[in-house]
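Undergrad: Counting in the working numbering, the sequence shown runs from 4 upward without gaps.
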Amino acid sequence: MSDPAPSFRLTYSTMFDPPAVMHERFEAALARVRPSLGREHPMFVDGKPRTTPSGFEVRSPIDTDLVIGRFQSGSAADVDAAVSAARHAGRSWSRTPWAERVALLRRAAALIEERVYEISAAMAIEIGKNRMESLGEVQETAELVSWYCDRMEAADGFRRELPNDPLTGFVSRNRTQLRPHGVWAVIAPFNFPFALAGGPIGAALATGNTVVFKVASDTSLSGWLLLEAFRDAGLPDGVINFVTGPGAAVGEALVAHPDVAGATFTGSYEVGIGILRRFAQGRWPRPCIAEMGGKNATIVTRHADLDRAVTGIWRSAFGLQGQKCSACSRVLVERPVAQALRERLVAATTAIAVGDPTERRNWMGPVINRGARDRYLRCVERLRRVGRVDAGGRALDEGALARGWFVAPTVGSAPRDDALWRDEHFVPLLLLSEVDSLDEAIDEANRSDYGLTAGFYGAREEIDIFLDRIEAGVTYVNRPQGATTGAWPGYQPFGGWKASGTTGKAIGSFWYLPLYLREQSQTIVD
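Below, the structure written as structure tokens:
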């Protein structure tokens, strides 16, 4: 991103108070983007556009009368063509010196930064993300790609010379080299279609794999804009391929294809674990990097700074309408401060501006589609039966919001053995539960099958207890910028434990790129 102010750098931690020039540039981009909506977009296979006899429309969740674009309904045959192109291109791409691959990817990252405002404006309309979260995601994508380029350089292409064997009469030269697997599938979710596609694509390509990628149908335009950045960077034909269509057809064909050597998936536990099990079968196991959600808890002790806690919790619970795998959905609070925390959270929640998220004054937009709105209503109906609703609890479908999928951010309480407390719902629903001690809070937080993110607000002497015992891959302590959300490349690696992930390694970390590689020991005797 061109520097909007000499001392400002956009991250998910700094986005709450940006310089005015960023708003001006976003609004100018919004005016340029709106007239371009509604166009037809192809798939992209072997360096060429690819169309199909049938297609589908994507409509904005802000206003369902607004057509974002028209896209191709891909089939198993289209997936096969994309995988075949990627496999063919991989023969030369894998042999391309890693420094040349990195140079092309740095160009892609630069193009994403150059286009950050236009892409963010389109994303905000397509997903319903507010302007700063949209800008943050696009900038994050550029930085993820750059980070992986940095890691390739720091590792010198993951090649290391080893000692010669202690032989007499021979010279036995040894080295180890990490090498690519081949065709890599990237399947990205609707909530972060740029970062959770672009980051894995950058990692796969930097390490010498070729890519076939698919984003969620609801965010097909974001996928196309990402494809354009990699295409325009000058990647050879077939190195990156883009397919669209329903997951049951296109996604299934992609993970079932015998020539797909590995996959990165972000989405539900049920789908992710299914891919992992499928990849473990067959003639040999294949790598599957799956990030599969969270039921993230924040712990607030009697010693907490409640102002910090309230700010961090509502930002993490209701950012992107609760549609983040890292969203805070559970709060465990010690009884002496429980009532005060609840009252402050209710006040903060009812003050959230809900509306068209492309407008500066609105912080929360719509959920992604009718299915998400209906799931929210079912959760609220159940909450009224089994627990209590303290704030929100209704669809917002009047006036300017009548044509979108808007709902009210909701705070309440439910029994800890209920599905509302236990399961991930991906809606703006925050549940509070009182505890008698920090030990009880940690035990309850860990009782979830998930282990993605966790937040803590309390005294300094309690911090190590929390960090030592909490079962989560990403932790935040006394952080008002977000109790459980807001990881940024190079600052907070992002990955989950338990049912939240399959590798124990994190996006944007020092240990991520080797997941896309396999080791070859090389001995040459002269």
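Heads up, the beta-carbon is just placed ideally off N, CA and C, and yes, glycines get one too.
My parser needs the alpha helix (DSSP H) runs of 4 or more residues fully inside the segment 256-290; what are they?
TA: Listed in chain order, the complete alpha helix (DSSP H) runs (minimum 4 residues) inside the segment 256-290 are 272-283.
Undergrad: If you scan the segment 137-220 from start to end, which runs of the alpha helix (DSSP H) of 4 or more residues do you find wholly inside it?
TA: Correct list: 198-209.
Undergrad: With C382 as the anchor, note down where its alpha helix (DSSP H) starts and where it stops.
TA: For the purposes of this step, residue 382 is identified with residue 379 of the sequence shown, where counting begins at 1. Counting along the chain, the alpha helix (DSSP H) containing C382 begins and ends at R373 to V389.
Undergrad: What is the rounded straight-line gap between the Cα of L165 and the Cα of Y515?
TA: Taking the sequence shown and counting its residues from 1, one reaches residue 165 at position 162. Taking the sequence shown and counting its residues from 1, one reaches residue 515 at position 512. Approximately 23 Å between the Cα atoms of the pair.
Undergrad: So the alpha helix (DSSP H) L433 belongs to, where does it begin and stop?
TA: Position 430 of the sequence shown, counting from 1, holds the residue named residue 433. First-last for L433: L432 to V438, but that is the beta strand (DSSP E), not the alpha helix (DSSP H).
Undergrad: Inspect the CB distances between the segment 427-443 and the segment 279-287 and report whether three or more fall short of 8 Å.
TA: As far as the Cβ criterion goes, the segment 427-443 does not touch the segment 279-287, which means the pair count is below three.
Undergrad: Taking only the alpha-carbon atoms, compute the straight-line gap between D446 and D310 and give it to the nearest angstrom.
TA: As a position in the sequence shown, residue 446 is number 443, starting the count at 1. As a position in the sequence shown, residue 310 is number 307, starting the count at 1. Approximately 25 Å between the Cα atoms of the pair.
Undergrad: Using the rule of at least 16 other Cβ atoms within 10 Å of the residue's Cβ for burial, across every protein chain shown, is E19 buried or exposed?
TA: As a working note, residue 19 is residue 16 in the sequence shown. For the record, residue 19 in the displayed sequence is Phe; it is not Glu. It counts as exposed.
Undergrad: Can you check whether the CB of A127 is closer than 8 Å to the CB of P360?
TA: The residue you call residue 360 lines up with position 357 of the sequence shown. The residue you call residue 127 lines up with position 124 of the sequence shown. In this structure, A127 lies closer than 8 Å to P360 by Cβ.
Undergrad: Buried or exposed: where does E143 fall if 16 or more other Cβ atoms within 10 Å of its Cβ makes it buried?
TA: Locating residue 143 in the sequence shown gives position 140, where the first residue counts as 1. The residue in question, E143, is buried, as its Cβ has 16 or more Cβ neighbours within 10 Å.
Undergrad: At which residue ranges does the segment 307-364 contain complete beta strand (DSSP E) runs of 3 or more residues, listed in the order of the chain?
TA: Here the runs fully enclosed are 331-337.
Undergrad: Could you tell me the distance, in whole angstroms, from the CA atom of Y494 to the CA atom of D529?
TA: Looking up residue 494 in the sequence shown gives position 491. Looking up residue 529 in the sequence shown gives position 526. Each residue's Cα considered, the two are about 46 Å apart.
Undergrad: List the endpoints of the continuous alpha helix (DSSP H) containing R12.
TA: If you number the sequence shown from 1, residue 12 lands on position 9. No alpha helix (DSSP H) holds R12; DSSP gives it neither H nor E.
Undergrad: Skipping 5 residues on each side, what residues in its chain have a beta carbon closer than 6 Å to that of G131?
TA: Residue mapping note: residue 131 aligns to position 128 of the sequence shown, counting from 1. Cβ within range, chain order: P64, I65, P360, G368 and P369.
Undergrad: Entirely within the segment 59-139 and at least 3 residues each: give me those beta strand (DSSP E) ranges in chain order.
TA: Entirely contained in the segment 59-139, the beta strand (DSSP E) runs reaching 3 residues are, in chain order, 70-75.
Undergrad: Would the segment 208-215 and the segment 86-98 be scored as touching if the rule is three or more Cβ pairs under 8 Å?
TA: Contact between the segment 208-215 and the segment 86-98 is present, because at least three Cβ pairs lie under 8 Å.
Undergrad: With a cut-off of 8 Å, do at least 3 Cβ pairs link the segment 415-422 to the segment 313-323?
TA: The segment 415-422, when compared against the segment 313-323, does not touch it at the 8 Å Cβ threshold.
Undergrad: Would you be able to state if there are at least three C-beta pairs under 8 Å between the segment 245-265 and the segment 101-110?
TA: Taking 8 Å as the limit for Cβ pairs, the verdict is that the segment 245-265 does not touch the segment 101-110.
Undergrad: Assuming V141 contacts F197 under a Cβ cut-off of 8 Å, what Cβ separation, rounded to an integer in Å, is found between them?
TA: Numbered from 1 along the sequence shown, position 138 holds the residue referred to as residue 141. Numbered from 1 along the sequence shown, position 194 holds the residue referred to as residue 197. The Cβ separation is near 6 Å, so the contact holds.
Undergrad: Using a Cβ-based criterion (distance less than 7 Å to any ligand heavy atom), does I128 qualify as near the ligand SAH?
TA: Within the structure as shown, the ligand SAH is missing, as the structure has no ligands at all.
Undergrad: By the three-class DSSP mapping on this structure, what secondary structure does V24 have?
TA: Taking the first residue of the sequence shown as position 1, residue 24 is located at position 21. The answer is helix: DSSP assigns V24 an H, G or I state.
Undergrad: So G315 packs on A486, CB below 8 Å; how close in whole Å?
TA: Your numbering for residue 315 matches position 312 in the sequence shown. Your numbering for residue 486 matches position 483 in the sequence shown. Confirmed, Cβ separation roughly 4 Å.
Undergrad: Rounded to whole angstroms, how far is the Cβ of E437 from the Cβ of V336, which I believe are closer than 8 Å?
TA: Here the question's residue 437 lines up with position 434 in the sequence shown. Here the question's residue 336 lines up with position 333 in the sequence shown. Yes, E437 and V336 are in contact; Cβ-Cβ is about 6 Å, under 8 Å.
Undergrad: Check whether the segment 464-484 and the segment 297-306 touch, using three or more Cβ-Cβ pairs below 8 Å as the test.
TA: With a cut-off of 8 Å, the segment 297-306 and the segment 464-484 count as touching, because enough Cβ pairs lie within range.
Undergrad: Can you tell me whether G172 is buried or exposed? The criterion is at least 16 other CB atoms within 10 Å of its CB, across all chains shown.
TA: Stepping through the sequence shown from its first residue, residue 172 is reached at position 169. Result: exposed.
Undergrad: How many angstroms separate the CA atom of G504 from the CA atom of G296?
TA: Here the question's residue 504 lines up with position 501 in the sequence shown. Here the question's residue 296 lines up with position 293 in the sequence shown. Approximately 8 Å, taken between the alpha carbons.
Undergrad: Please list the terminal residues of the continuous beta strand (DSSP E) segment that includes F459.
TA: The residue you call residue 459 lines up with position 456 of the sequence shown. Here the beta strand (DSSP E) through F459 covers T456 to Y460.
Undergrad: Using only alpha-carbon positions, find the residue among F513, A354, R482 and N481 that is nearest to P492.
TA: For this step, residue 492 is matched to residue 489 along the sequence shown. Nearest C-alpha to P492: F513.
Undergrad: Below 8 Å, how does it come out for the segment 199-209 and the segment 146-153: are there three or more Cβ pairs, yes or no?
TA: Flag = yes, the segment 199-209 and the segment 146-153 touch.
Undergrad: Taking the alpha-carbon of A125 as reference, which of F11, F409, L228 and R376 has the nearest alpha-carbon?
TA: As a first step, residue 125 must be located in the sequence shown, where it is residue number 122. Nearest C-alpha to A125: L228.
Undergrad: For A293, write down the residues that DSSP places opposite it in a beta bridge.
TA: Against the sequence shown, residue 293 aligns to sequence position 290. Bridge partners of A293: F268.
Undergrad: By the three-class DSSP mapping on this structure, what secondary structure does D452 have?
TA: Counting from 1 along the sequence shown, the entry for residue 452 is found at position 449. D452: coil per DSSP, three-state reduction.
Undergrad: Look up Y515 in the DSSP assignment and say whether it is helix, strand or coil.
TA: Mapped onto the sequence shown, residue 515 falls at position 512. Coil, per DSSP.
Undergrad: So, helix, strand or coil for I473, using DSSP?
TA: As a first step, residue 473 must be located in the sequence shown, where it is residue number 470. In this structure, I473 counts as coil in the three-state DSSP scheme.
Undergrad: Cα-Cα, which of R338, P339 and P431 is closest to I371?
TA: Numbered from its first residue, the sequence shown carries residue 371 at position 368. Selected option, being the one with the closest Cα: P431.
Undergrad: Rounded to whole angstroms, what is the Cα-Cα separation between P483 and A312?
TA: As a working mapping, residue 483 is identified with position 480 in the sequence shown. As a working mapping, residue 312 is identified with position 309 in the sequence shown. Distance between the alpha carbons of P483 and A312 is about 6 Å.
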